[in-house]
Amino acid sequence: MKEVAANMAGTVIQVLVNAGDEVSAGQDVVMLESMKMEVPIASEVAGKVAEIKVNIGDFVNEGDVLLLVE
Amino acid sequence: MKLESILIANRGEIARRIIRTCKKRGIKTVSIYSEADAEMPYVKEADEAFLIGPPPVAQSYLNMEIIIEKAKESKVNAIHPGYGLLSENAQFAKRCEEEGILFIGPSSRVIRDMGDKITARSIMKKAGVPVVPGFDGGLESVEQGLAVAEEMGYPVMLKASAGGGGIGMQLVYGRDELTKAFASAKGRAKAYFGNDSIFIEKYIENPHHIEVQIVADGHGNVVHLWERECSVQRRHQKVIEEAPSPFITDQIRKEICDTAVKAAKAVNYTGAGTVEFIMDGKGQFYFLEMNTRLQVEHPVTEEITGLDLVALQIDIAGGLPIPFQQEDVRRQGHAIEFRIYAEDPKTFYPSPGTITEYRPPWFEGVRVDDGVARGTKVTPFYDPMIGKLIVSGSNREEALIRAEKALNEYRIEGIKSNLPFLREVLGFSDFQKGNYTTQLVQKMNQSE
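One line per chain: the protein sequences are R and E, in this order.
Once you know that position 40 of the first sequence is 66 in the numbering used here, the rest is easy, because the numbers rise by one and skip nothing.
Once you know that position 340 of the second sequence is 542 in the numbering used here, the rest is easy, because the numbers rise by one and skip nothing.
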């Protein structure tokens, strides 16, 4: 199981995948927004999305796990 | 009319800056704040403060009606919009005009005309101000875009008519790219600015961004306060500005400043404003846009001229003439401004959090205009700029020496800041030599 973590603190404005989806390495999975900047978070690994840990509107800190890929 | 009280329709650093001048003048200040900003220093420093809503700007600092309501309730004479937020919103200026509250800035008509880049271009062209070669109207179709681009030669820049601050621009190197970019540029213009009008300009490669500060009163006087070099940018946003520009000659300086005055006269400007130019390596400059407000980088102009721009704005709004003439404006020494951002110094990603330790430098030639203190919570809702360090000296060399000392002494803990990045720029040889363009940051990355 691999973790996809936030690389900046911010609010989750979009979750671009669902549990069970296949993702490729480099694919954007979550969109964060902070201080007037939108930053897409990409999965570093390929695999199947096992669990999404956040909801739209959640505030996450840098390093927080957003989803798990198996 | 003597202004006795002012509501500041802004937050953070610029709200504090305006309060400072008002206190000096014995003018009462009224602050507004969102739930996220209740503990910010500027809220406590104003004579009166009103909570106006929840953190998102649409529900607080961009909510015109609640701001007007608070202005009426506190019986202020005027509203100062600062920069960003509602400062260049023609509708807000108009609402103030309707309510009989002075808007500290130009008329809503001027804000509207200069806010639309196509209109601004055509006004400037008519007035004999050089504009970047391009097409003056909104583009109807991709075919039209292709025809215009071919005539000018690539590369070209697609721009949103209502855009600004580098947002809504797309650089295109050829026919296929333009065909692909056209629809997405239109779509993004619509999404960001609610207006899908786009136009094409010739792309000036490796340019300088030079702007001229002007002030104009309601009595026909327009005076320039020299130029600023604003070419150090990251993410198309300025990070370091200096005055005077180390790049231009006295001959170009005279031409560009005179042109800015001509531009301001062409729109019957009143208040403090900035005419932005893009300049190529040969010193050929073109009108880019006009900012109809006080700017973030106004302190470098204040430092080299000894003038208080906020005080000038207040006097002009009150109907007074500018108290000096062009030949009285002195230019002395050199000033450099560093924007302090709550962001990762490598990725430039925002870094909100609580400031656990805050000690700005304090010695001769150093000015810090900031909006935070130890214990301030920097929230994710607003711009990451938390302050500005302005250093000045009798010449650029002295300013650079002071900058190094000041950046080394500045302490910010608890959040990430761009201080390490600013130190890196300062140490980069092109910056030291004053020989840099808007590509400086990219050049630094390449040399790593």
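Beta carbons are placed, not taken as given, at the ideal position from N, Cα and C, and that holds for glycine.
Predicted, not measured: the structure shown is a model, and the values here were computed from it.
Per DSSP, which residues does D460 (chain E) bridge with? Please list them. The partner list for D460 (chain E) (beta bridge, DSSP) is empty, contrary to what the question assumes.
Considering only C-alpha positions, which residue in the set E:K204, E:V643, E:R219, E:I220 is nearest to R437 (chain E)? Considering only E:K204, E:V643, E:R219, E:I220, the residue with the shortest C-alpha distance to R437 (chain E) is E:V643.
Please go through the segment 273-336 of chain E and give each complete alpha helix (DSSP H) segment of 4 or more residues, from N-terminal end onward. Here the runs fully enclosed are 292-301, 310-317, 319-328.
In whole angstroms, give me the CA-to-CA distance for I588 (chain E) and S69 (chain R). When rounded, the separation of the alpha-carbon atoms in I588 (chain E) and S69 (chain R) is 31 angstroms.
Find the residues of chain E that neighbour I44 (chain R), judging by a C-beta separation of less than 7 angstroms, and give them in chain order. The sequence as given places Asn at residue 44 (chain R); Ile does not occur at that position. Going along chain E, no residue has its Cβ under 7 angstroms from N44 (chain R), so there is no contact; the nearest lies around 24 angstroms.
Unbroken alpha helix (DSSP H) runs of length 4 or more, entirely within the segment 476-543 of chain E: which are they? With a minimum length of 4 residues, the continuous alpha helix (DSSP H) runs that stay inside the segment 476-543 of chain E are 500-507, 511-519.
Extent of the continuous beta strand (DSSP E) to which F395 (chain E) belongs: Unbroken run through F395 (chain E) is the alpha helix (DSSP H), 377-395; no beta strand (DSSP E).
Establish whether the CB of G555 (chain E) and some CB of chain R are separated by less than 9 angstroms. It does: the Cβ of G555 (chain E) has a partner Cβ on chain R nearer than 9 angstroms.
Within 9 angstroms (strictly less), CB to CB, does T549 (chain E) reach chain R? So yes, T549 (chain E) belongs to the interface.
State yes or no: is the beta carbon of A31 (chain R) nearer than 9 angstroms to at least one beta carbon in chain E? Using beta-carbon distances, A31 (chain R) does not count as an interface residue toward chain E, since no partner is under 9 angstroms.
Which same chain residues, not among the five before or five after W428 (chain E), have their C-beta less than 8 angstroms away from its C-beta? Counting only Cβ-Cβ distances below 8 angstroms, and skipping sequence neighbours, we find V414, Q415, A445, P446, R455, C459, T503, I506, T507, V531, R533.
Collapsed DSSP secondary structure at I450 (chain E) in the structure displayed: Residue state, collapsed to three classes: coil.
In chain R, which residues lie less than 9 angstroms from Y263 (chain E) when you measure between Cβ atoms? Here the premise fails: no neighbours, minimum Cβ distance about 12 angstroms.
DSSP beta-bridge partners of I412 (chain E): Paired residue(s): E:E431, E:F479.
Whose C-alpha, out of E:T461, E:Q486, E:G307, is nearest the C-alpha of F449 (chain E)? Of the listed residues, the one whose Cα sits closest to F449 (chain E) is E:Q486.
Rank E:R390, E:V463, E:E443 by C-alpha distance to the C-alpha of V192 (chain E) and give the top, closest one. Outside the displayed span of chain E (203 to 650) sits residue 192 (chain E), for which this structure offers no information.
Ends of the alpha helix (DSSP H) at R437 (chain E)? In this chain, R437 (chain E) is not harboured by any alpha helix (DSSP H), its DSSP state being neither H nor E.
Would you kindly work out how many angstroms separate the C-alpha atoms of S324 (chain E) and Q435 (chain E), rounded to a whole number? The straight-line gap from Cα to Cα measures roughly 28 angstroms.
Which residues in chain E sit within 9 angstroms of A72 (chain R), going by Cβ to Cβ distance? By Cβ distance, chain E contributes nothing, its closest Cβ being about 23 angstroms from A72 (chain R), past 9 angstroms.
Counted within 10 angstroms of its Cβ, other Cβ atoms place F583 (chain E) as buried (16 or more) or exposed: A residue is called buried once 16 or more other Cβ atoms fall within 10 Å of its Cβ, and F583 (chain E) is buried on that count.
Interface positions of the segment 56-67 of chain R facing chain E (Cβ-Cβ less than 8 angstroms), listed along the chain: Shown in chain order are the members of the segment 56-67 of chain R whose Cβ falls below 8 angstroms from a Cβ of chain E: E59, S60, M61, K62, M63, V65.
Using Cβ-Cβ distances below 9 angstroms, what residues of the segment 80-91 of chain R are close to chain E? For the segment 80-91 of chain R, which is checked against every Cβ of chain E, the residues closer than 9 angstroms are F85, N87, E88.
Alpha carbon to alpha carbon, how far is F401 (chain E) from Y285 (chain E)? Whole-angstrom Cα-Cα distance: 26 angstroms.
Taking just the CA atoms, how far does L348 (chain E) sit from M354 (chain E)? In a straight line, the C-alpha of M354 (chain E) is about 10 angstroms away from that of L348 (chain E).
Endpoints, the beta strand (DSSP E) within which I39 (chain R) is located: Residues 36-41.
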